[in-house]
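Each residue of the sequence shown is one higher than the one before, starting from 25 at the first, in the numbering used here. Note that beta-carbon positions come from the ideal geometry of N, C-alpha and C, so glycine has one too. For reference, the structure discussed in these notes is given below.
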Amino acid sequence: MTTDTPIPVPRAALVTGAGRGIGRGVALGLARAGWAVALVGRTRAHLDDVADEARATGARVTVAAGDLVDPTAVEDVVARVETAFEDLGGVGLLVNNAGVIERAEVPFDEDDVEDAWRVVETNVRGPMLVTHAVLPAMLARGGGRVLNVNSGAGVNASRAYTGYGISKGALARLTTLLDAQYRERGLRVLDLAPGVVATDMTGAMPVHDDRTEWTPVEDVAELVRAFGDGELDAWSGRFVRAGADTVASLRAATADALRTDARRLRLSTWGPDDPLA
Numbered sequence: 025m026t027t028d029t030p031i032p033v034p035r036a037a038l039v040t041g042a043g044r045g046i047g048r049g050v051a052l053g054l055a056r057a058g059w060a061v062a063l064v065g066r067t068r069a070h071l072d073d074v075a076d077e078a079r080a081t082g083a084r085v086t087v088a089a090g091d092l093v094d095p096t097a098v099e100d101v102v103a104r105v106e107t108a109f110e111d112l113g114g115v116g117l118l119v120n121n122a123g124v125i126e127r128a129e130v131p132f133d134e135d136d137v138e139d140a141w142r143v144v145e146t147n148v149r150g151p152m153l154v155t156h157a158v159l160p161a162m163l164a165r166g167g168g169r170v171l172n173v174n175s176g177a178g179v180n181a182s183r184a185y186t187g188y189g190i191s192k193g194a195l196a197r198l199t200t201l202l203d204a205q206y207r208e209r210g211l212r213v214l215d216l217a218p219g220v221v222a223t224d225m226t227g228a229m230p231v232h233d234d235r236t237e238w239t240p241v242e243d244v245a246e247l248v249r250a251f252g253d254g255e256l257d258a259w260s261g262r263f264v265r266a267g268a269d270t271v272a273s274l275r276a277a278t279a280d281a282l283r284t285d286a287r288r289l290r291l292s293t294w295g296p297d298d299p300l301a
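Here it is in structure tokens:
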């Protein structure tokens with residue numbers, strides 16, 4: 025496998041969960057970098073506030089509110105965004121950021137399964153629906169980029185937040201599947217773990233009560249920007265982490281990552297004689 029030549033795509037991005045937290049930071053970072061941005065989420069008032077901030081940078085902005093686990097609402101939202109950016113060539117970058125976590129930090133036997141399922145549905149069904157709606161136009165244009173905001177919980181075991189871990193593991197598998205199915209048609213897909221950014225969600229998690237160091241949301245936005253601009257296309261189907269990885273460090277590690285096929289979700293085996301190897 026070799027590094028990719030960046031695929032030219034429209035410089036218009038659709039960011040879900042853009043009304044606050046990481047989504048807000050990513051949307052504003054893209055706006056400052058000259059991207060047109062579509063702000064998508066459930067609460068229109070939050071989106072409008074971010075839209076005002078983004079427009080102040082000189083960016084072109086559109087807002088589309090909707091329930092991202094409702095197929096009809098998602099189709100409507102994506103259609104409205106594609107129409108708004110039609111003169112720009114449509115959506116070139118999708119950032120699946122919208123997500124939630126369980127209300128209680130407890131192990132599975134103490135968890136409310138319905139609450140855990142709410143998390144799985146939001147964090148998996150939402151990105152699946154939005155990606156499915158965006159994908160046909162991307163492929164028709166010869167390519168596009170999808171970035172899934174993931175978490176270390178998707179690849180590492182945790183003593184709590186079972187639904188969240190399940191959802192992020194499933195999202196990582198979606199990333200590898202999309203890469204395998206559509207790489208040759210110009211799609212590039214990346215898992216980006218944001219580290220621990222100070223947001224309403226992380227602020228409500230007891231595990232972070234004593235935390236003094238946080239990942240700057242600007243670090244997350246810069247990795248999203250670089251991926252959108254094609255600088256990380258060689259990492260398609262893989263996992264990167266803001267706060268540990270930078271654009272420069274990932275560029276420097278690209279050859280080693282491709283040689284060893286690193287940072288990709290898979291089953292570990294005990295060696296070449298393992299029947300599952």
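Check, Outcome
"Exposure of Leu300, with buried meaning 16 or more beta-carbon neighbours within 10 Å", "exposed"
"According to DSSP, residues forming a beta bridge with Val213", "Val170"
"Short Cβ contact (8 Å threshold) for Thr236 with Gly219", "no"
"Residues near Glu106 in its chain [Cβ-Cβ closer than 7 Å; skip 5 each side]", "Gly114, Val115, Ala161"
"Three CB pairs or more closer than 8 Å across the region 198 to 211 and the region 239 to 248", "no"
"C-alpha gap between Phe132 and Ala194, whole angstroms", "18 Å"
"Extent of the continuous alpha helix (DSSP H) to which Thr86 belongs", "Unbroken run through Thr86 is the beta strand (DSSP E), 85 to 89; no alpha helix (DSSP H)."
"Simplified DSSP assignment, three categories, for Asp285", "coil"
"Beta strand (DSSP E) runs contained entirely in the region 120 to 175, provided each spans 3 or more residues", "168 to 173"
"Residues near Pro30 in its chain [Cβ-Cβ closer than 6 Å; skip 5 each side]", "Gly254, Asp257"
"Coil, strand or helix - Arg48 by DSSP", "helix"
"Between the CA atoms of Val148 and Gly49 - distance to the nearest angstrom", "22 Å"
"Bridge partner(s) assigned by DSSP for Val64", "Thr40, Ala88"
"Supposed close pair Ala55, Ala88 - CB separation, criterion 8 Å", "The Cβ separation is near 16 Å, so there is no contact."
"Bridge partners - Arg262, DSSP secondary structure assignment", "Leu214"
"Span of the alpha helix (DSSP H) around Arg197", "186 to 206"
"Range of the contiguous alpha helix (DSSP H) that encloses Phe251", "241 to 252"
"Residues bridged to Asp269 (per DSSP)", "Ala266"
"Of the residues Arg249, Asp139, Arg209, the one placed nearest Ala57, counting alpha carbons only", "Arg249"
"Contact set for Ser292: own chain, Cβ-Cβ below 8 Å, skip 5 residues either direction", "none"
"C-alpha gap between Met25 and Ala279, whole angstroms", "A caution first: Met25 carries a pLDDT of 41, below 50, which makes its placement in the model too unreliable to give a value."
"Nearest-angstrom Cα separation, counted from Gly295 out to Asp71", "Checking the sequence, you will find Leu at residue 71 rather than Asp. Rounded to whole angstroms, Leu71 to Gly295 spans 50 Å at the Cα level."
"Chain B within 8 Å of Leu282, Cβ atoms only", "Of the protein chains in the structure, only one exists, and it is not chain B."
"Three-pair Cβ contact test at 8 Å for the region 224 to 236 versus the region 256 to 272", "no"
"Coarse secondary structure for Leu256, derived from DSSP in three states", "coil"
"Supposed close pair Tyr188, Val143 - CB separation, criterion 8 Å", "5 Å"
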